[in-house]
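Single-structure report; data block below.
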Amino acid sequence: MSIPFENFSIHCGEWNTVDLQIIYEKIVRNRRGGWCCENNLLFSWVLREMGYKYTTLGSREFRTILNDFSPVDSHLINLVEIEGKPYIADVSFGSSYQIWYPLEMISGKDQEQLPGIFRLMNDGDTWRLEKTGRKPLVQNEAFANSVLVDKRLTKPIFSFVLTPRGIDHFLTTSEYLQTSPESLFTQKSICSLQTPTGFRALIGWTYSEVTFNPEENTDIFEMRDVADSEIETILKEKFNIVLTNKLMPGKIKVRPPGIFRLLNDSDTWTLEKTGRKPLAQNEAFASSVLFNKRPVKPIFSFVLTPRGIDHFLTTSEYLQTSPESLFTQKSICSLQTPTGFRALIGWTYSEVTFNPEENTDIFEMRNVADNLTRICKKNSQGLHVKVFLKERNGSAGILQEDRVQRGV
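Each step along the sequence shown adds one to the number in this note's numbering, with nothing skipped, and position 244 is 244.
Right under this line is the structure:
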(Lines of atoms letter the chains of each structure in order from A and count residues from 1; the text may use other names and numbers.)
(Lines give C-alpha, C1' and ligand atoms only; values in the text may rest on other atoms or scores of the structure.)
Protein backbone atom coordinates (compact mmCIF):
# COMPACT_ATOMS: atom_id res chain seq x y z
CA MET A 1 0.00 0.00 0.00
CA SER A 2 1.61 3.23 -1.15
CA ILE A 3 -0.90 5.65 0.40
CA PRO A 4 -0.21 6.44 4.08
CA PHE A 5 -2.78 6.57 6.83
CA GLU A 6 -2.33 10.07 8.30
CA ASN A 7 -4.14 12.87 10.13
CA PHE A 8 -1.73 15.71 9.35
CA SER A 9 -4.48 18.09 8.22
CA ILE A 10 -5.63 18.46 11.83
CA HIS A 11 -2.12 19.55 12.84
CA CYS A 12 -1.45 21.76 9.81
CA GLY A 13 -4.37 24.14 10.12
CA GLU A 14 -6.37 22.25 7.46
CA TRP A 15 -9.69 20.40 7.52
CA ASN A 16 -10.51 16.82 6.54
CA THR A 17 -13.57 16.56 4.33
CA VAL A 18 -15.80 13.81 2.96
CA ASP A 19 -16.00 15.47 -0.45
CA LEU A 20 -14.67 12.93 -2.98
CA GLN A 21 -13.32 15.57 -5.38
CA ILE A 22 -11.31 17.27 -2.62
CA ILE A 23 -10.06 13.90 -1.34
CA TYR A 24 -8.95 12.92 -4.85
CA GLU A 25 -7.06 16.22 -5.22
CA LYS A 26 -5.37 15.79 -1.84
CA ILE A 27 -4.33 12.13 -2.12
CA VAL A 28 -3.82 11.55 -5.84
CA ARG A 29 -2.65 14.91 -7.15
CA ASN A 30 -0.91 16.24 -4.02
CA ARG A 31 0.51 12.85 -2.99
CA ARG A 32 -0.79 12.95 0.56
CA GLY A 33 -2.35 10.27 2.72
CA GLY A 34 -5.61 10.39 4.61
CA TRP A 35 -7.64 8.80 7.35
CA CYS A 36 -10.42 6.23 7.00
CA CYS A 37 -13.16 8.58 5.73
CA GLU A 38 -10.77 9.74 3.00
CA ASN A 39 -8.81 6.63 2.04
CA ASN A 40 -11.71 4.18 2.20
CA LEU A 41 -14.09 6.60 0.48
CA LEU A 42 -11.57 7.06 -2.34
CA PHE A 43 -11.13 3.27 -2.47
CA SER A 44 -14.90 2.79 -2.80
CA TRP A 45 -14.79 5.08 -5.86
CA VAL A 46 -12.00 2.90 -7.30
CA LEU A 47 -14.12 -0.21 -6.68
CA ARG A 48 -17.07 1.39 -8.45
CA GLU A 49 -14.94 2.43 -11.41
CA MET A 50 -13.58 -1.13 -11.68
CA GLY A 51 -17.09 -2.58 -11.69
CA TYR A 52 -17.17 -4.17 -8.24
CA LYS A 53 -20.33 -4.33 -6.17
CA TYR A 54 -19.71 -2.79 -2.76
CA THR A 55 -21.51 -1.43 0.29
CA THR A 56 -20.14 1.22 2.63
CA LEU A 57 -20.41 0.25 6.30
CA GLY A 58 -19.72 1.97 9.60
CA SER A 59 -17.63 0.24 12.25
CA ARG A 60 -16.82 0.93 15.88
CA GLU A 61 -13.14 0.85 16.82
CA PHE A 62 -12.03 -0.96 19.96
CA ARG A 63 -11.02 1.57 22.61
CA THR A 64 -8.38 0.20 24.96
CA ILE A 65 -9.11 2.86 27.56
CA LEU A 66 -12.77 1.74 27.65
CA ASN A 67 -11.98 -1.94 27.15
CA ASP A 68 -14.92 -1.87 24.77
CA PHE A 69 -15.90 -0.75 21.30
CA SER A 70 -16.71 2.90 20.58
CA PRO A 71 -20.38 3.72 21.29
CA VAL A 72 -20.79 5.19 17.77
CA ASP A 73 -19.49 4.38 14.30
CA SER A 74 -15.99 5.84 14.10
CA HIS A 75 -14.40 3.99 11.17
CA LEU A 76 -15.55 3.66 7.54
CA ILE A 77 -15.07 0.27 5.80
CA ASN A 78 -16.35 -1.39 2.61
CA LEU A 79 -18.11 -4.70 2.03
CA VAL A 80 -17.10 -5.94 -1.45
CA GLU A 81 -18.39 -8.80 -3.58
CA ILE A 82 -15.52 -10.80 -5.12
CA GLU A 83 -16.44 -13.75 -7.34
CA GLY A 84 -19.86 -13.88 -5.74
CA LYS A 85 -18.57 -13.93 -2.14
CA PRO A 86 -18.67 -11.07 0.41
CA TYR A 87 -15.36 -9.67 1.71
CA ILE A 88 -14.40 -6.87 4.10
CA ALA A 89 -12.02 -4.35 2.55
CA ASP A 90 -10.25 -1.73 4.69
CA VAL A 91 -7.27 0.24 3.35
CA SER A 92 -7.01 2.76 6.19
CA PHE A 93 -6.56 1.42 9.70
CA GLY A 94 -2.80 1.74 9.82
CA SER A 95 0.14 0.33 11.80
CA SER A 96 0.12 -3.37 12.68
CA TYR A 97 -3.70 -3.67 12.53
CA GLN A 98 -3.93 -2.89 8.83
CA ILE A 99 -5.25 -5.82 6.77
CA TRP A 100 -3.26 -6.38 3.56
CA TYR A 101 -5.93 -8.34 1.66
CA PRO A 102 -9.74 -8.47 1.78
CA LEU A 103 -11.16 -10.75 4.47
CA GLU A 104 -13.75 -13.32 3.51
CA MET A 105 -16.94 -13.03 5.54
CA ILE A 106 -16.71 -16.38 7.31
CA SER A 107 -17.10 -16.37 11.09
CA GLY A 108 -14.21 -17.90 13.04
CA LYS A 109 -11.95 -18.51 10.03
CA ASP A 110 -8.24 -17.74 10.59
CA GLN A 111 -7.08 -15.62 7.65
CA GLU A 112 -3.30 -15.39 7.84
CA GLN A 113 -1.49 -12.39 6.37
CA LEU A 114 2.01 -11.04 6.97
CA PRO A 115 0.92 -8.71 9.83
CA GLY A 116 -0.66 -11.65 11.67
CA ILE A 117 -3.80 -13.78 11.74
CA PHE A 118 -7.05 -11.87 11.20
CA ARG A 119 -10.37 -13.34 12.24
CA LEU A 120 -13.97 -12.24 11.71
CA MET A 121 -16.39 -13.33 14.44
CA ASN A 122 -20.19 -13.18 14.17
CA ASP A 123 -22.63 -12.75 17.07
CA GLY A 124 -26.17 -12.26 15.87
CA ASP A 125 -26.31 -9.06 13.79
CA THR A 126 -22.87 -7.92 14.96
CA TRP A 127 -19.53 -8.82 13.45
CA ARG A 128 -16.16 -8.05 14.95
CA LEU A 129 -12.62 -8.18 13.59
CA GLU A 130 -9.75 -9.34 15.76
CA LYS A 131 -6.09 -10.04 15.15
CA THR A 132 -3.64 -12.49 16.69
CA GLY A 133 -0.16 -11.07 16.35
CA ARG A 134 3.34 -11.87 17.50
CA LYS A 135 5.69 -10.96 20.35
CA PRO A 136 7.11 -7.42 19.91
CA LEU A 137 10.89 -7.11 20.20
CA VAL A 138 11.84 -3.49 20.93
CA GLN A 139 15.46 -2.81 20.01
CA ASN A 140 15.73 0.47 21.96
CA GLU A 141 15.21 -0.25 25.66
CA ALA A 142 13.97 3.29 26.25
CA PHE A 143 10.78 2.29 24.37
CA ALA A 144 10.31 -1.15 25.96
CA ASN A 145 7.21 0.04 27.83
CA SER A 146 5.98 2.53 25.24
CA VAL A 147 2.22 2.80 24.81
CA LEU A 148 2.94 2.57 21.08
CA VAL A 149 3.90 -1.09 21.50
CA ASP A 150 0.84 -3.30 22.01
CA LYS A 151 1.93 -6.47 23.80
CA ARG A 152 -1.44 -8.22 23.64
CA LEU A 153 -1.19 -11.18 21.29
CA THR A 154 -4.90 -11.08 20.41
CA LYS A 155 -6.72 -7.78 20.15
CA PRO A 156 -10.19 -6.72 18.95
CA ILE A 157 -9.94 -4.11 16.17
CA PHE A 158 -13.49 -3.05 15.32
CA SER A 159 -17.11 -4.27 15.27
CA PHE A 160 -19.80 -3.61 12.68
CA VAL A 161 -23.24 -4.48 11.39
CA LEU A 162 -24.24 -4.92 7.76
CA THR A 163 -26.45 -1.81 7.57
CA PRO A 164 -25.45 0.28 4.50
CA ARG A 165 -24.24 3.78 5.35
CA GLY A 166 -24.13 6.91 3.23
CA ILE A 167 -21.29 9.38 3.56
CA ASP A 168 -23.51 11.77 5.56
CA HIS A 169 -23.53 9.14 8.32
CA PHE A 170 -19.91 10.04 9.08
CA LEU A 171 -20.18 13.85 9.14
CA THR A 172 -20.70 14.18 12.91
CA THR A 173 -17.96 11.66 13.67
CA SER A 174 -15.55 13.42 11.31
CA GLU A 175 -16.14 16.75 13.03
CA TYR A 176 -15.80 15.24 16.50
CA LEU A 177 -12.52 13.48 15.68
CA GLN A 178 -11.06 16.73 14.32
CA THR A 179 -12.15 19.03 17.13
CA SER A 180 -12.67 17.19 20.42
CA PRO A 181 -9.76 17.37 22.92
CA GLU A 182 -10.66 13.77 23.83
CA SER A 183 -10.05 12.57 20.28
CA LEU A 184 -6.79 10.71 19.73
CA PHE A 185 -6.42 12.55 16.43
CA THR A 186 -6.34 16.02 18.03
CA GLN A 187 -3.79 14.98 20.63
CA LYS A 188 -0.98 14.09 18.25
CA SER A 189 -0.18 13.62 14.59
CA ILE A 190 -0.24 10.07 13.20
CA CYS A 191 1.26 8.72 10.00
CA SER A 192 1.60 5.04 9.08
CA LEU A 193 2.76 3.43 5.85
CA GLN A 194 2.77 -0.29 5.10
CA THR A 195 6.02 -1.65 3.63
CA PRO A 196 6.78 -5.03 1.99
CA THR A 197 8.16 -6.30 5.32
CA GLY A 198 6.14 -4.39 7.94
CA PHE A 199 5.30 -0.73 8.41
CA ARG A 200 6.74 2.69 9.22
CA ALA A 201 5.07 5.14 11.60
CA LEU A 202 5.57 8.67 12.84
CA ILE A 203 3.35 9.27 15.85
CA GLY A 204 3.94 12.60 17.47
CA TRP A 205 7.71 12.83 17.69
CA THR A 206 8.32 9.05 17.74
CA TYR A 207 9.49 7.36 14.54
CA SER A 208 9.21 3.56 14.21
CA GLU A 209 10.25 0.99 11.64
CA VAL A 210 8.65 -2.40 12.26
CA THR A 211 9.66 -5.65 10.58
CA PHE A 212 7.27 -8.60 10.73
CA ASN A 213 9.19 -11.80 11.48
CA PRO A 214 6.72 -14.71 11.30
CA GLU A 215 9.49 -17.31 11.12
CA GLU A 216 10.41 -16.52 14.74
CA ASN A 217 6.92 -15.37 15.77
CA THR A 218 8.16 -11.85 16.54
CA ASP A 219 7.79 -8.28 15.28
CA ILE A 220 10.97 -6.20 15.47
CA PHE A 221 10.49 -2.55 16.52
CA GLU A 222 13.17 0.05 15.78
CA MET A 223 12.03 3.22 17.59
CA ARG A 224 13.48 6.64 18.34
CA ASP A 225 12.40 10.15 19.14
CA VAL A 226 13.02 12.74 16.45
CA ALA A 227 13.77 16.45 16.64
CA ASP A 228 11.47 19.02 15.05
CA SER A 229 14.20 19.74 12.51
CA GLU A 230 14.10 16.11 11.28
CA ILE A 231 10.36 15.82 10.64
CA GLU A 232 10.28 17.38 7.17
CA THR A 233 13.06 15.08 5.94
CA ILE A 234 11.49 11.96 7.47
CA LEU A 235 8.12 12.71 5.88
CA LYS A 236 9.70 13.16 2.47
CA GLU A 237 12.14 10.24 2.57
CA LYS A 238 10.10 7.67 4.50
CA PHE A 239 6.50 8.53 3.56
CA ASN A 240 6.90 10.48 0.29
CA ILE A 241 4.91 13.35 1.80
CA VAL A 242 5.68 17.06 1.37
CA LEU A 243 3.42 19.30 3.44
CA THR A 244 2.41 22.79 2.38
CA ASN A 245 1.81 24.03 5.93
CA LYS A 246 4.00 23.55 8.99
CA LEU A 247 3.22 20.43 11.00
CA MET A 248 2.76 20.63 14.77
CA PRO A 249 3.07 16.94 15.78
CA GLY A 250 1.26 17.36 19.08
CA LYS A 251 0.13 19.85 21.64
CA ILE A 252 3.40 19.81 23.58
CA LYS A 253 6.41 17.56 23.29
CA VAL A 254 6.69 15.99 26.72
CA ARG A 255 10.29 15.41 27.80
CA PRO A 256 11.39 13.14 30.66
CA PRO A 257 13.62 14.51 33.47
CA GLY A 258 15.97 11.50 33.40
CA ILE A 259 16.25 7.87 34.42
CA PHE A 260 14.98 6.97 37.88
CA ARG A 261 16.03 3.80 39.67
CA LEU A 262 14.91 2.12 42.92
CA LEU A 263 17.60 0.08 44.71
CA ASN A 264 17.01 -2.29 47.61
CA ASP A 265 19.47 -3.15 50.41
CA SER A 266 17.84 -5.39 52.97
CA ASP A 267 15.01 -3.36 54.58
CA THR A 268 16.07 -0.06 53.00
CA TRP A 269 15.17 1.25 49.56
CA THR A 270 16.97 4.11 47.79
CA LEU A 271 15.73 6.24 44.91
CA GLU A 272 18.40 7.63 42.61
CA LYS A 273 18.37 9.50 39.32
CA THR A 274 20.69 9.46 36.33
CA GLY A 275 20.42 12.85 34.68
CA ARG A 276 22.07 14.77 31.86
CA LYS A 277 24.77 17.41 31.46
CA PRO A 278 23.51 20.87 32.56
CA LEU A 279 24.14 23.69 30.07
CA ALA A 280 23.93 27.20 31.57
CA GLN A 281 23.07 29.76 28.91
CA ASN A 282 24.20 32.61 31.19
CA GLU A 283 27.89 32.17 32.03
CA ALA A 284 27.44 34.04 35.31
CA PHE A 285 25.59 30.99 36.61
CA ALA A 286 27.95 28.32 35.26
CA SER A 287 29.22 27.53 38.79
CA SER A 288 25.92 28.12 40.59
CA VAL A 289 25.14 25.88 43.54
CA LEU A 290 21.70 25.47 41.95
CA PHE A 291 23.35 23.19 39.38
CA ASN A 292 23.74 19.54 40.21
CA LYS A 293 26.54 18.33 37.95
CA ARG A 294 26.66 14.79 39.29
CA PRO A 295 25.38 12.41 36.58
CA VAL A 296 23.96 10.04 39.22
CA LYS A 297 22.48 11.37 42.42
CA PRO A 298 20.71 9.66 45.36
CA ILE A 299 17.40 11.38 46.09
CA PHE A 300 15.95 9.71 49.18
CA SER A 301 15.85 6.42 51.09
CA PHE A 302 12.95 4.76 52.87
CA VAL A 303 11.71 1.62 54.59
CA LEU A 304 8.27 0.07 54.27
CA THR A 305 7.14 0.87 57.84
CA PRO A 306 3.69 2.59 57.73
CA ARG A 307 3.65 6.11 59.24
CA GLY A 308 0.78 8.19 60.55
CA ILE A 309 0.59 11.94 59.95
CA ASP A 310 1.65 12.62 63.56
CA HIS A 311 5.03 11.10 62.71
CA PHE A 312 5.83 14.22 60.66
CA LEU A 313 4.82 16.92 63.18
CA THR A 314 8.28 17.37 64.69
CA THR A 315 9.93 17.39 61.26
CA SER A 316 7.44 19.95 59.98
CA GLU A 317 8.18 22.27 62.91
CA TYR A 318 11.96 21.87 62.51
CA LEU A 319 11.90 22.66 58.78
CA GLN A 320 9.90 25.84 59.42
CA THR A 321 11.91 27.15 62.39
CA SER A 322 15.48 25.87 62.46
CA PRO A 323 18.15 28.19 61.01
CA GLU A 324 19.82 25.08 59.64
CA SER A 325 16.77 24.20 57.55
CA LEU A 326 17.07 24.94 53.85
CA PHE A 327 13.48 26.15 53.88
CA THR A 328 14.15 28.96 56.40
CA GLN A 329 17.21 30.17 54.49
CA LYS A 330 15.47 31.11 51.25
CA SER A 331 12.16 30.95 49.45
CA ILE A 332 11.70 28.08 46.97
CA CYS A 333 9.12 27.71 44.22
CA SER A 334 9.24 25.06 41.47
CA LEU A 335 6.73 24.16 38.75
CA GLN A 336 7.05 21.18 36.42
CA THR A 337 6.26 21.83 32.75
CA PRO A 338 5.83 19.37 29.87
CA THR A 339 9.36 20.21 28.69
CA GLY A 340 11.21 20.72 31.96
CA PHE A 341 10.56 22.99 34.95
CA ARG A 342 10.54 26.58 36.18
CA ALA A 343 11.98 27.65 39.53
CA LEU A 344 12.34 30.75 41.67
CA ILE A 345 14.88 30.09 44.44
CA GLY A 346 15.64 33.18 46.48
CA TRP A 347 16.29 35.85 43.87
CA THR A 348 17.25 33.43 41.05
CA TYR A 349 14.69 32.60 38.39
CA SER A 350 15.31 29.57 36.11
CA GLU A 351 13.62 28.00 33.12
CA VAL A 352 14.97 24.54 32.38
CA THR A 353 14.36 22.50 29.22
CA PHE A 354 15.13 18.79 29.23
CA ASN A 355 16.95 17.81 26.03
CA PRO A 356 17.28 13.99 26.01
CA GLU A 357 18.16 13.93 22.30
CA GLU A 358 21.53 15.57 23.10
CA ASN A 359 21.78 14.28 26.69
CA THR A 360 21.68 17.81 28.12
CA ASP A 361 19.43 20.03 30.24
CA ILE A 362 19.34 23.66 29.15
CA PHE A 363 19.24 26.23 31.99
CA GLU A 364 18.08 29.80 31.35
CA MET A 365 18.86 31.66 34.61
CA ARG A 366 18.81 35.24 35.86
CA ASN A 367 18.62 37.19 39.09
CA VAL A 368 15.54 39.23 39.84
CA ALA A 369 15.45 42.55 41.72
CA ASP A 370 14.87 42.33 45.46
CA ASN A 371 12.52 45.29 45.58
CA LEU A 372 9.15 45.11 43.83
CA THR A 373 9.47 42.58 41.00
CA ARG A 374 6.89 40.96 38.77
CA ILE A 375 7.28 37.72 36.91
CA CYS A 376 4.54 36.88 34.46
CA LYS A 377 4.70 33.47 32.81
CA LYS A 378 2.29 30.97 31.33
CA ASN A 379 2.32 27.40 32.56
CA SER A 380 1.39 24.24 30.72
CA GLN A 381 -2.28 24.31 31.73
CA GLY A 382 -2.76 27.81 30.26
CA LEU A 383 -2.78 29.25 33.81
CA HIS A 384 -1.59 32.89 33.97
CA VAL A 385 0.01 33.68 37.33
CA LYS A 386 1.31 37.10 38.42
CA VAL A 387 3.61 36.80 41.42
CA PHE A 388 4.99 39.86 43.20
CA LEU A 389 8.19 39.57 45.21
CA LYS A 390 9.43 41.94 47.86
CA GLU A 391 12.35 41.93 50.26
CA ARG A 392 11.16 40.54 53.56
CA ASN A 393 13.47 40.00 56.54
CA GLY A 394 16.48 39.73 54.30
CA SER A 395 14.98 37.10 52.00
CA ALA A 396 12.81 37.06 48.93
CA GLY A 397 9.31 35.99 49.84
CA ILE A 398 6.05 35.74 47.97
CA LEU A 399 4.12 38.84 48.97
CA GLN A 400 0.97 38.50 46.98
CA GLU A 401 -0.62 36.35 44.30
CA ASP A 402 -2.27 39.12 42.35
CA ARG A 403 -4.47 37.25 39.90
CA VAL A 404 -5.06 33.79 38.50
CA GLN A 405 -6.87 33.56 35.19
CA ARG A 406 -7.52 30.35 33.29
CA GLY A 407 -7.18 30.52 29.55
CA VAL A 408 -5.95 28.73 26.47
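Idealized CB from N, CA, C, for every residue including glycine.
Residue i - containing beta strand (DSSP E), residue span
i	result
residue 352	348–355
residue 435	Residue 435 lies beyond the range of the chain shown here (1 to 408); nothing can be said about it.
residue 191	190–195
residue 54	54–63
residue 120	116–123
residue 111	110–113
residue 137	135–138
residue 344	340–345
CA nearest to the CA of residue i, picked from the options
i	options	result
residue 413	326, 369, 338	Since the first residue of the chain shown is 1 and the last is 408, residue 413 is not available in this structure.
residue 303	282, 44, 268	268
residue 178	6, 2, 358	6
residue 165	342, 37, 9, 28	37
residue 133	1, 146, 113, 121	113
residue 237	259, 202, 170, 266	202
residue 173	76, 216, 366	76
residue 146	208, 279, 314	208
residue 362	308, 276, 3, 295	276
residue 3	324, 94, 49, 319	94
residue 32	49, 47, 14, 46	14
residue 159	61, 230, 262, 266	61
residue 366	343, 357, 264, 356	343
residue 227	306, 204, 308, 333	204
residue 183	65, 153, 292	65
residue 175	335, 16, 8, 336	16
Integer Cβ distance of residue i from residue j, believed to fall under 8 Å
i	j	result
residue 68	residue 59	With a Cβ gap of about 14 Å, residue 68 and residue 59 do not count as contacting.
residue 23	residue 42	5 Å
residue 79	residue 86	6 Å
residue 297	residue 273	6 Å
residue 271	residue 300	6 Å
residue 354	residue 340	5 Å
residue 345	residue 279	With a Cβ gap of about 18 Å, residue 345 and residue 279 do not count as contacting.
residue 425	residue 125	This structure leaves residue 425 out entirely; the chain is present only between 1 and 408.
residue 151	residue 218	Contact doesn't hold; Cβ gap of about 12 Å is too wide.
residue 250	residue 155	Not confirmed; about 24 Å, so no contact.
residue 186	residue 10	6 Å
residue 256	residue 356	6 Å
residue 190	residue 97	Contact flag wrong, Cβ pair sits at about 13 Å.
Close beta carbons around residue i, own chain, < 8 Å, minus the five adjacent residues each side
i	result
residue 12	243, 244, 245, 246, 247, 248
residue 44	54, 56, 78
residue 100	1, 113, 114, 115, 194
residue 119	108, 109, 110, 111, 129, 130, 131, 132
residue 360	276, 277, 278, 279
residue 105	79, 85, 86, 87, 88, 120, 127
residue 170	18, 37, 58, 73, 76
residue 321	328
Own chain residues within Cβ distance below 6 Å of residue i, not counting five before or after
i	result
residue 409	In the structure displayed, the chain extends from 1 to 408; residue 409 sits before or after that span and is not available.
residue 364	281, 351
residue 211	197, 198, 220
residue 34	27
residue 200	193, 209, 238
residue 285	365
Beta-bridge pairing of residue i - partner residues as DSSP gives them
i	result
residue 278	361
residue 257	Residue 257 is not bridged to any residue.
residue 206	203, 225
residue 264	269
residue 297	273
residue 87	80, 104
residue 75	59
residue 7	According to DSSP, residue 7 bridges with nothing at all.
residue 422	Nothing in the structure corresponds to residue 422, since the chain is present only between 1 and 408.
Cutoff 7 Å; reference residue i; Cβ partners in own chain excluding five residues on either side
i	result
residue 141	none
residue 167	18, 41
residue 206	148, 223, 225
residue 144	138
residue 122	107
residue 240	31
Cβ-heavy atom distance, residue i to the ligand MG, below 7 Å
i	result
residue 368	Because no ligand of any kind appears in the structure shown, any question about the ligand MG cannot be addressed here.
Endpoints, alpha helix (DSSP H) assigned at residue i
i	result
residue 127	Note, residue 127: premise wrong, no alpha helix (DSSP H); beta strand (DSSP E) at 126–132.
residue 27	No alpha helix (DSSP H) holds residue 27; DSSP gives it neither H nor E.
residue 158	Element bounds for residue 158: not the alpha helix (DSSP H) but the beta strand (DSSP E), 154–160.
residue 333	Note, residue 333: premise wrong, no alpha helix (DSSP H); beta strand (DSSP E) at 332–337.
residue 46	36–49
residue 327	326–329
residue 185	184–187
residue 317	313–321
residue 178	171–179
Cutoff 8 Å: residue i Cβ touching any chain C Cβ
i	result
residue 153	Absent here is chain C; the protein component of the structure consists of one chain.
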